[in-house]
Amino acid sequence: TADAVDPAQTSDDYPQKLFDAKLYTGDGGSSTGITGVGFQPDWVWIKRYGATENHNLYDSTRGANKRIQSNQTGAETTEGLPSFDSDGFTVDASGSICNVSSQTYVAWNWRINGGTTSSNGNGSVTSTVQVDPSGAFSLVKYRGGLTGAGAATIGHGLSKAPVMIIFKGYGNLAGGDGQWWVGHDVLTSWNY
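Written out as structure tokens, the structure reads:
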């Protein structure tokens, strides 16, 4: 309930310590720190505000500067966000991705587990997971192993089954691109 939310809360599970949105203006510099997030983010989603532009996603499991785009199907590129910092992140002028001079950007920031990952063998494919201590969010990296029809199971590190999954192949895939897939409990089947 709303009355249970205490702004002075110091617990790591307090919502403001797990998510924050930040507006900033690009300066075109080669190394511009974006601060005021309140924590070191593990997943940063950046988009130029009020413009039809790409959505740039970075996470601390794959590493700084490893960009995928939620509105594209291309492979991961290396550019745009060279570091996750204690109170935000740093953007650079690489290809003018997240730091065009005088342009406004919005960055949605999630803290997961400070970049700490672990190996998860709870499935037919071993995964690398970074799990939020509250148990509500997990970032999972794995290498698919199917060579034909069939099913694989992937460990996620959460204490119960997720209600929503978003995934994408981020490497150069032989014979195809990296489509985005989304599953959710409200759908009548996870097989859509």
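All residue numbers for the sequence shown refer to the working numbering, where the first residue is 90 and numbers rise by one. The beta-carbon is built from N, C-alpha and C at its ideal position, and this holds for glycine as well. Bear in mind the structure is a predicted one, so any value in this text is a computation, not a measurement.
TODO: On a CA-only basis, which of ALA164, VAL133, PHE128 and LYS249 is nearest ASN198? Give me that one, please.
DONE: The residue with the shortest Cα to Cα distance from ASN198 is VAL133.
Task: Opposing strand residues paired with TYR231 [DSSP bridges] - done: Partner(s): SER216.
- [ ] Give a yes or no on whether the C-beta atoms belonging to ASP176 and ASN202 are separated by under 8 Å.
- [x] Cβ atoms of ASP176 and ASN202: not closer than 8 Å.
Task: VAL271 to PHE256 span [Cα, whole Å] - done: Distance from the CA of VAL271 to the CA of PHE256, rounded to the nearest whole angstrom, comes to 7 Å.
- [ ] Look up LYS155 in the DSSP assignment and say whether it is helix, strand or coil.
- [x] If DSSP states are grouped into helix, strand and coil, LYS155 belongs with the strands.
- [ ] Kindly list the residues whose CB is nearer than 8 Å to the CB of ALA140, restricted to its own chain and excluding five residues on each side of it in sequence; keep chain order.
- [x] Apart from the 5 residues on each side of it in sequence, ALA140 sits with its Cβ closer than 8 Å to the Cβ of GLN192 in its chain, given in chain order.
Task: Those residues which DSSP pairs with SER207 across a bridge - done: According to DSSP, SER207 bridges with VAL218.
Task: Bounding residues of the beta strand (DSSP E) (the contiguous stretch that carries TRP132) - done: Note, TRP132: beta strand (DSSP E), 132-137.
Open item on the list: Please state whether the Cβ-Cβ distance between GLU142 and ARG156 is less than 8 Å.
Closed with: For GLU142 and ARG156, no; Cβs fall outside 8 Å.
TODO: Quick one: grab the DSSP three-state call for LYS249.
DONE: Three-state result, LYS249: coil.
Task: VAL94 burial status per 10 Å Cβ neighbour count (16 or more: buried) - done: For VAL94, the predicted structure reports a pLDDT of 47, less than 50, and the residue's modelled location is therefore unreliable. A value from the coordinates is still provided. Looking at its Cβ environment, which holds fewer than 16 other Cβ atoms inside 10 Å, VAL94 is exposed.
- [ ] Would you give the residue range spanned by the beta strand (DSSP E) that ILE123 belongs to?
- [x] 121-124 is the span of the beta strand (DSSP E), which, as asked, contains ILE123.
Open item on the list: Would GLY122 and PHE173 be called neighbours here (beta carbons separated by less than 8 Å)?
Closed with: The Cβ atoms of GLY122 and PHE173 lie no closer than 8 Å to each other.
Open item on the list: Applying the 10 Å Cβ sphere with the 16-neighbour rule, what's the burial state of SER370?
Closed with: Residue 370 falls outside the range modelled here, since the chain spans only 90 to 281, and no answer is possible.
Open item on the list: In this structure, how does DSSP classify SER185 when only helix, strand and coil are distinguished?
Closed with: In the structure shown, SER185 adopts helical secondary structure according to DSSP, grouped into three states.
Open item on the list: Measuring only the C-alpha atoms, how far is GLY117 from GLY169?
Closed with: Answer to the nearest angstrom: the Cα atoms are 11 Å apart.
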